[in-house]
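Novice: All the letters of the sequence shown, read from the start, carry residue numbers 41 to 218 under the numbering used here. Ideal Cβ positions, reconstructed from N, Cα and C, are used throughout, including at glycine. Just so you know, these numbers come straight off a predicted model, no measurement behind them. Below you will find the structure I want to go over with you.
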Amino acid sequence: MFAKEADLNVIRDLKETGILESLGEESVEWFGKLSEEEILDRLNVDFSSLFLVNAHPIESIVLDDKDEALVGLQNPVMQFYFNHGYDLFLDKTEIQTPDHIALEFAFMQNLILKEEDRAAREFLQTHLLQWAPQYLLAVAREAETPFYRELCEFAAEFLIADYDLLVREFKEGVDESG
């Protein structure tokens, strides 16, 4: 939902999978009262305004204030991916920067699935938590649709909760082994 505009399949998946209920009641109500075409139109206008025009979801742009994304191994996120055996094929995606929030989320998902908690904790601490929660909360304030407002708020809260859990598990592991 942070990488590209939605299509009708995405709208249907959101309605059928229970994701909306996880985000909030306002999104559920909003999806319930509009047609799929109206939802699609409004979401895509909001997406374009939030993520393409006004506030690019790219770590190096948000943190550096130069409005230019770092590419290749000069980008610390790309270096982190490389050091942890994660291959990016940017030529096969619409996303052209390794530190786009959608790619950083995908990397975190990959680390969690592989149970690489130490790397996940380090990536959150070094990269995502340095910019994403603040960015997401600022974007949520600008969102015109309840879906993007609640999605951004949920994602910010989730990042912080995930980090807290990883830190707690790490401390418990240290206590048990020490």
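Q174 lies in the alpha helix (DSSP H); which residues open and close that run?
Specialist: In the sequence shown, counting from the first residue as 1, residue 174 sits at position 134. Where Q174 is concerned, the enclosing alpha helix (DSSP H) stretches over 169-182.
Novice: Leaving out the 5 sequence neighbours to the left and right, which residues in its chain are closer than 7 Å to N115 when beta-carbon positions are compared?
Specialist: For the purposes of this step, residue 115 is taken as residue 75 along the sequence shown, with counting starting at 1. S100, P138, D139, listed in sequence order.
Novice: Taking the C-alpha atoms as reference points, what is the distance between F122 and R181?
Specialist: The residue you call residue 122 lines up with position 82 of the sequence shown. The residue you call residue 181 lines up with position 141 of the sequence shown. The C-alpha of R181 is placed about 34 Å away from the C-alpha of F122.
Novice: Starting from E61 and walking both ways along the alpha helix (DSSP H), at which residues does that stretch end?
Specialist: Within the sequence shown, the letter at position 21 stands for residue 61. Residues 59-63.
Novice: From R161 to G112, what distance separates their C-alpha atoms?
Specialist: Counting from one through the sequence shown, the residue named residue 161 turns up at place 121. Counting from one through the sequence shown, the residue named residue 112 turns up at place 72. Between R161 and G112, the C-alpha separation is close to 23 Å.
Novice: Write down every uninterrupted run of the alpha helix (DSSP H) in the segment 93-121 whose length is 4 residues or greater and which is fully enclosed by it, in chain order.
Specialist: Counting whole runs of 4 or more residues, the segment 93-121 contains the alpha helix (DSSP H) stretches 99-104.
Novice: Report the option in G58, D81, P173 whose CA atom is closest to the CA atom of D47.
Specialist: Translated into positions along the sequence shown, residue 47 becomes position 7. Cα-wise, what sits closest to D47 is D81.
Novice: Going by the DSSP bridge assignment, what does H140 pair with across the sheet?
Specialist: For the purposes of this step, residue 140 is identified with residue 100 of the sequence shown, where counting begins at 1. H140 pairs with I98.
Novice: What span of residues does the alpha helix (DSSP H) with F91 cover, start to end?
Specialist: Start at 1 with the first residue of the sequence shown, and residue 91 comes out as number 51. No alpha helix (DSSP H) contains F91, which DSSP labels as neither H nor E.
Novice: Does the distance from the CB of F194 to the CB of L83 come in under 8 Å?
Specialist: Residue numbering aside, residue 194 sits at position 154 when the sequence shown is read from its first letter. Residue numbering aside, residue 83 sits at position 43 when the sequence shown is read from its first letter. Here F194 is not near L83, since their CB atoms are 8 Å or more apart.
Novice: Determine whether the Cβ of E212 lies closer than 8 Å to any Cβ atom of chain D.
Specialist: In the structure shown, chain D does not exist; there is a single protein chain.
Novice: Looking at C-beta atoms only, is the number of pairs between the segment 196-212 and the segment 164-182 that lie closer than 8 Å three or more?
Specialist: Three or more Cβ pairs drawn from the segment 196-212 and the segment 164-182 lie within less than 8 Å of each other, which places the two stretches in contact.
Novice: In angstroms with no decimal places, state the Cα-to-Cα distance between I200 and L169.
Specialist: Along the sequence shown, read from residue 1 onward, the residue named residue 200 stands at position 160. Along the sequence shown, read from residue 1 onward, the residue named residue 169 stands at position 129. Here the C-alpha atom of I200 lies approximately 7 Å from the C-alpha atom of L169.
Novice: Which of helix, strand or coil does DSSP assign to F42?
Specialist: Within the sequence shown, residue 42 is the residue found at index 2, counting from 1. Note: F42 maps to coil in three-state DSSP.
Novice: Between the alpha carbons of A178 and K154, how many angstroms are there, rounded?
Specialist: Sequence index remark: in the sequence shown, residue 178 carries index 138 (1-based). Sequence index remark: in the sequence shown, residue 154 carries index 114 (1-based). Cα-Cα distance, rounded: 31 Å.
Novice: Using the beta-carbon count (16 or more within 10 Å), is F210 buried or exposed?
Specialist: The residue labelled residue 210 in the question sits at position 170 within the sequence shown. With fewer than 16 other Cβ atoms within 10 Å, it is exposed.
Novice: Taking the alpha helix (DSSP H) that G76 falls in, what are its first and last residues?
Specialist: What you label residue 76 is simply residue 36 of the sequence shown in a count that begins at 1. Here residue 76 is Glu; the residue named in the question, Gly, does not match the sequence. Its alpha helix (DSSP H) spans residues 76-87.
Novice: What do you reckon, are the CB atoms on M41 and L143 nearer than 8 Å?
Specialist: Indexing the sequence shown from 1 puts residue 41 at position 1. Indexing the sequence shown from 1 puts residue 143 at position 103. No, they are not a contact pair.
Novice: For D53 versus A183, is the C-beta distance shorter than 8 Å?
Specialist: As a working mapping, residue 53 is identified with position 13 in the sequence shown. As a working mapping, residue 183 is identified with position 143 in the sequence shown. No, the Cβ-Cβ distance between D53 and A183 is not below 8 Å.
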